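Only one structure is covered here, and it is reproduced in the block below.
Numbering (the numbering used here), first residue to last: 511 to 702.
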């Protein structure tokens with residue numbers, strides 16, 4: 511247990527993001543369930559859910575005063591939640607920056623011509639008792655003009671919002687924003 515997550519992740523990605531060798535000390539490994547999105551393994555008595563693709567999340571900051579949020583249809587909890595753009599990508603097919611730029615475009619309609627604008631943030635363990643994969647956040651600064659000229663977003667997104675920092679904090683405090691990963695990324699940024 512002497513591993514430290516690598517940072518920045520765009521240089522040498524931490525193997526816990528997506529890898530065959532996560533949890534190498536937990537053996538034997540028996541696959542209990544698998545589907546196109548994740549695998550459930552029994553790793554030496556610890557049951558884990560392991561993503562098939564790398565996962566990331568984007569913190570889009572507009573003019574250093576607002577955050578782009580997406581309202582996402584979440585049938586499993588029967589709600590439309592406010593979140594940050596996020597998603598999976600195959601490290602065999604695209605870099606983390608390319609994958610997250612694609613997710614940003616799909617979910618918000620904001621298209622970045624220069625993916626070097628995506629700045630890696632420290633990784634986050636979402637559910638370390640069950641999921642050994644880390645989530646890697648990126649921040650991107652965009653202008654109000656870029657936000658206003660965004661294209662159409664995909665169908666899983668109900669709405670794209672640009673919300674001031676102060677209003678986002680109120681929405682977190684009131685429970686209007688209640689999904690853990692976006693809250694952790696937003697608060698880590700705002701309390702810097």
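Using N, Cα and C, we set each Cβ at its ideal position, and we do this for glycine too.
The structure displayed is predicted, hence computed values, not measured ones.
- If you look at residue 657, you'll find it in the alpha helix (DSSP H) that goes 654-658.
- A Cβ-Cβ distance of about 4 Å is found for the pair residue 619 and residue 661, placing them in contact under the 8 Å criterion.
- Less than 8 Å separates the beta-carbon of residue 594 from that of residue 569.
- With distances taken between CA atoms, residue 623 lies nearest to 610 out of 698, 603, 610 and 635.
- When secondary structure is reduced to three states using DSSP, residue 619 falls in the coil class, being assigned neither helix nor strand.
- Annotated three-state conformation of residue 682 is helix, per DSSP.
- A distance below 8 Å between beta-carbons, with the five flanking residues on each side excluded, links residue 543 to the following residues of its chain, in chain order: 549 and 550.
- For residue 592, the uninterrupted beta strand (DSSP E) run begins and ends at 589-593, by DSSP.
- Between residue 700 and residue 676, the alpha-carbon positions lie close to 10 Å from each other.
- Put simply, of 541, 558 and 565 the residue whose alpha carbon is nearest the alpha carbon of residue 634 is 565.
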